[in-house]
Amino acid sequence: MPSTASEPDEVTAEESDGPGQVPIPIYRFAFSWEGPYGHAVHLVERHARQGVVLDLGCGYAAVGEVLRDAGWEYVGGDRDTDAVADVVSRGLEGHVIDLAMSDGLADKLVELLEGRPVGAVILLDIIEHLPDPSALLGALTELSALLAADGRHAPVLVTSIPNVAHFDLAAKLVGGRWDVTPSGLLDRTHLQMFTERRIDAEFGRFGWQECGRDDVVLEHSDQWFPLDHPFLVEGGLVHDYLQSLRAAADDNMTINQFVRAYRRVPSWSPSDRRSPLPVPEAATARGPAIDYPFLSVLTRSQGTRPSMLAEALTCLAAQTLEDIEVVVLVPGDDPGALQSSEAVVRSFEEGFVARVRVEQVRSDSRSAALNAGLELAHGRYVAFLDEGDLVTGDWAQRFAEGAEGAPGKLVRSVCDVRHVRRPAREEEAMGAVPVTLTKPLAEFGERFDAISHLAVNTTPLSSVALPRSLVTELHLRLDEQLAVGEDWDFLVRAALVVGVEDTGHVTSIHQRWADEAAATTVPSELWESAHAKMLSSLDAAPLLLPPGSATELAFLAGDASLARKHEAQRAELERALNEARVALAEAQETLRFSLRGESAQTESLLLQIEQLQRRARLAEQAREEVLASEFWRVTAPLRALVTLIRGDRRDAGS
Amino acid sequence: MAMAVRVQTVRYGGDAPDLLRMLRSVAAAAHGFEDHGSAPELTMAIGDCGGPEGPDATVDEEVLTEAHEILAKAGVSLDYVAFMTNTGHGAGQNRLAERAADGHRPGGDGDVLVMLNPDTYLSPNCLATLVGVLDADVGIAEARQIPLEHPKPFSPVTGDTPWASGCLMALRSSVFESLGGFEPAFFLHGDDVDLSWRARLRGLRVRHVPEAVVFHDKRLTETGFPAPSAQEEYQAALARLLLAHRAERRDVIASSLGWLEVHGSELQREAATEFLRRHSEEELPATYREALEVSPEEVVSVACFHEGEYAEHRF
């Protein structure tokens, strides 16, 4: 019963064994290597040992001959007697089996196998039709155990399951549509809906672990209708935006059927079963029942500056809000650096130490350590504090208040900057401590402005906490390709998905090293290139901006249009000036000519030249003033000036 | 006999979790001495002034029990006393120090007193580092505050500083005793400046120790400095007049009174009235010249009044 866009060759009458029984339609799909059947056969060939391929819910056994011809011992099972009779009539082995039977399925399967080894059990577009897929998975686990007890190896499990998280379905559901159809992704007889997460959870619960995949990919599924639905318009803003979000969540948006192979995990035991169904979390900021901390703080440590790490940790240990965990990230694989950081952590009181982990992480880029930290974090929110930066006692508390007021949004406080320098050799009292040069200076705005953040970053990472759901649901990470500005890019991408809640409180202090400015300042080309990269990645999809942006953009566009007007006026002014210069040259020519011949006109010409020269000087002077001032915002005087110059020329030429 | 270190704090209000957090940091700081040779005998003394609800709003029994447990685990003993009156900072510290001298903990020659604000958190090596710099010359050692560093000056070469903040300062018991403790005329502000000046007038150094770090729970405002409360404004105004009186700086007294009259808040003007009352009723403390038998030149060289502060600030 493949859920491809194609129509079945034949659909027999639906079976029903009486009231309360669920009808399972029997489809007669043809085999094709491009469809799920072909993909499943590939997986069998790749992963199964020789022996029986047990095709449960085989219907008319579309894969029967193909598998038999490839050397497998095909055994089909279905509860539809007509279908089984058809299978048997084609010289294939077929049995009448009801997969929905509550007990004894594993025993029945063992019985019909008659001691033969089993290479694979295949379930092709079948489990979505079952009222209780876990009963079948449990029976297969039992079968596997029975075979093992008998000295036979465990079969692989190969399945094809339609994907209800295909983009077409997602886009239409946003538009309020859920179109059940006679067959396909939303076949009206489907009793179960599967996403990859559910499959992994259900199969994992019975000890089945994926070992191979050959999914059927369809850019457009059978659900790609109506074609003029606003959210299905390719190149349409909503379509493309939804697609960019859907693509961020996982790689499955064009997968029509998950065609996958599974092996039993040898160490699995029935006691490993856990509920596969997600428990809805309260729609408040309180979060899941599991006791995860509110905040995970990621602190990068070089392992070479223990006193600076100690200061950062002191700030964290002193937080009024204690519902935080700290992950100290030590990049590289130097055991000394790890030990040094661990020693600093251990020097704190045990209650705090219990909330701190020290982890050695990849060091290939500045972002790599933080990305590793994002994976290690458990908190509902994640914040960042590098050694060297300091925070006030209400840093975490303000984040919590922000998250309470606007759950799921990025929370932003304000970071001030204080300038420090390294102590000179003779400044012995300082030890390894930097000399502070200024009080914390306000440098970054009190509120987050999404549009201006496209041009400039005024939000250091230490002043934000972002919901970890961005990491788990959308796989948000820092761009490890960016040598600089990776935090800026990360922040903007996060902010443009969930929005920003401002606390307005100054809670962090960034230390800026004054005496090292020249050495540590990143060349502007590098910044420009990082900025361009960030913009081009944002430009790749439609952009979502917070409410109020239309007015702000209109204002900015107005400014830009004034600037364009000014540019046109300036060009006109230049042309007028050039015309005046030409007129002057012409007059001089005439004069020279006149001096040679008709001296009577000389005096009048000289007068005109003098006039022209004076006005040309005037015009030059006016032009300089115009260009040097903000005068361009007012274009009327500029036009008057052009007229004046042109008028002069005409006067002079007349 | 091992050196004894007595950390003293005067409590007035505040939340129990904050107090316990501070005590946990003291317990951890006790281990900091392990890297500095012999571990001292450590006592944590808390003088309880109650809170805004009244002098009997002292710490709950359960909190005290927990405090005991936290400290005992690190081998730190607790000396808790409910004053049942709001003594103010300096007088409270004096009382706690007297308890030590009275036998709660013998005030031996090498013994050290550490004055600590309750709204703090010690970095682990803070106490050991601070106590380690005390010698025959250094009378008072002061920790560096984070996240907001105090703007008063110090020498990055010698660490010398005009005065030490009472947020976290260490001094030998003998020095504290010979200086006569804090001047009780100061209630909340200025007693640390006064003690530091007297130490310097006695020829002792006051040293800032950048490597000894204490977190002081100050919240930032847009000025880059914490906002003072109304009560702090009153106490600061009164402290300035008292310090100027002790240093016999009539010019400072006159200009301060003038400024308070014109620009001062109601509470600040009340401070001026209180100063004048004490003056007329001869309740003001002795001048430095009288108390320490020093020359006017010596007083001038130590007692600095600069733009409302007691030193020219760095920023």
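Protein chains in written order, with this note's numbering: chain A, 920 to 1573; chain B, 965 to 1279.
C-beta atoms are modelled at their ideal positions from N, C-alpha and C, and glycine is treated no differently.
Predicted, not measured: the structure shown is a model, and the values here were computed from it.
Residue i classed as buried or exposed, judged by whether at least 16 other C-beta atoms fall within 10 angstroms
i, result
"Trp1127/B", "buried"
"Met1048/B", "exposed"
"Asp1567/A", "Because the pLDDT at Asp1567/A is just 48, under 50, the model does not fix this residue reliably, and the point stays unresolved."
"Phe1118/B", "buried"
"Met1020/A", "exposed"
"Gln940/A", "Since pLDDT at Gln940/A reaches only 49, below the 50 mark, its modelled position is unreliable, and no value is offered."
"Ala949/A", "exposed"
"Val1121/B", "exposed"
Cβ pair residue i, residue j closer than 7 Å
i, j, result
"Val1003/A", "Val994/A", "no"
"Pro1342/A", "Gly1418/A", "no"
"Val1330/A", "Glu1362/A", "no"
"Met1079/B", "Leu1035/B", "no"
"Thr1311/A", "Thr1426/A", "yes"
"Val1352/A", "Gln1430/A", "no"
"Ala993/B", "Cys1090/B", "yes"
"Val1142/A", "Asp1087/A", "A quick correction: the sequence has Gln, not Val, at residue 1142/A. Yes, Cβ-Cβ distance for Gln1142/A and Asp1087/A is below 7 Å."
"Leu1110/A", "Ser1140/A", "no"
"Arg1183/A", "Thr1078/A", "no"
"Met986/B", "Tyr1085/B", "yes"
"Leu1289/A", "Leu1217/A", "yes"
"Val960/A", "Trp991/A", "no"
"Val1173/B", "Leu1094/B", "yes"
"Val1643/A", "Ser1220/A", "The question about residue 1643/A has no answer, for chain A in this structure spans 920 to 1573."
"Leu1231/B", "Glu1197/B", "yes"
"Glu1399/A", "Ala1256/A", "no"
Contact set for residue i: own chain, Cβ-Cβ below 8 Å, skip 5 residues either direction
i, result
"Thr1203/A", "With a pLDDT of 41 at Thr1203/A, under the threshold of 50, the modelled position of this residue cannot be trusted; read the value that follows with caution. Same-chain partners within the cutoff: Pro1326."
"Pro1260/B", "Glu1212, Arg1253"
"Leu1415/A", "Ala1369, Leu1457, Leu1462, Leu1463, Leu1464"
"Gly983/A", "Asp974, Cys977, Tyr993, Gly995, Val1006, Arg1009, Leu1011"
"Pro1019/B", "Cys1013, Phe1047, Met1048, Thr1049, Asn1050"
Nearest to residue i (by Cα), restricted to the options the options
i, options, result
"Arg1183/B", "Gln1316/A, Val1272/A, Val1247/A, Pro1101/A", "Gln1316/A"
"Thr1125/B", "Leu1168/B, Ile1110/B, Ser1087/B", "Leu1168/B"
"Gly1010/A", "Leu1214/A, Leu986/A, Trp1187/A", "Leu986/A"
"Leu1463/A", "Ile1370/A, Asp1044/A, Lys1484/A, Glu1508/A", "Ile1370/A"
"His1114/B", "Lys1358/A, His1109/A, Gln1488/A, Phe1474/A", "Lys1358/A"
"Asn1286/B", "Asp1024/B, Val1263/B, Val974/B", "No answer is possible for residue 1286/B: it lies beyond the span of chain B, which begins at 965 and ends at 1279."
"Ile1217/B", "His1243/B, Asp1024/B, Leu1143/B", "His1243/B"
"Val1135/A", "His1109/A, Ala1073/A, Asp1170/A, Asp1159/A", "Asp1170/A"
"Gln969/A", "Ala1039/A, Trp952/A, Gly954/A, Gly976/A", "Ala1039/A"
"Asp1005/A", "Trp1314/A, Arg947/A, Ala1262/A", "Arg947/A"
"His1413/A", "Thr1391/A, Gly1423/A, Arg1281/A", "Note that residue 1413/A is Ala in the sequence shown, not His. Nearest option by C-alpha distance: Thr1391/A."
"Val1375/A", "Glu1261/A, Asp1406/A, Leu1389/A", "Asp1406/A"
Collapsed DSSP secondary structure at residue i in the structure displayed
i, result
"Ile1528/A", "helix"
"Arg1285/A", "helix"
"Leu1217/A", "strand"
"Asn1376/A", "coil"
"Ser1140/A", "coil"
"Gly1103/B", "strand"
"Phe1146/B", "coil"
"Cys1131/B", "coil"
"Leu973/A", "strand"
"Phe950/A", "coil"
"Asp1043/B", "strand"
"Ala1009/B", "strand"
"Glu934/A", "Bear in mind that the predicted position of Glu934/A carries a pLDDT of just 44, short of 50, making it too unreliable to give a figure here."
"Pro1466/A", "coil"
"Gln972/B", "strand"
"Arg1116/A", "helix"
"Tyr1300/A", "strand"
"Asp1106/A", "strand"
Sequence-distant residues of the same chain with beta carbon closer than 6 Å to residue i, five excluded per side
i, result
"Ala1267/B", "Trp1161, Ala1211"
"Glu1130/B", "The residue you asked about is not Glu; residue 1130/B is Gly in the sequence shown. Within the same chain, Gly1130/B has close Cβ partners Met1079, Asp1156."
"Leu1156/A", "Pro1461"
Near the ligand SAH: residue i beta-carbon under 6 Å from a heavy atom
i, result
"Leu1217/A", "Summarising the ligand content, the structure contains no ligands, and the ligand SAH is consequently not present."
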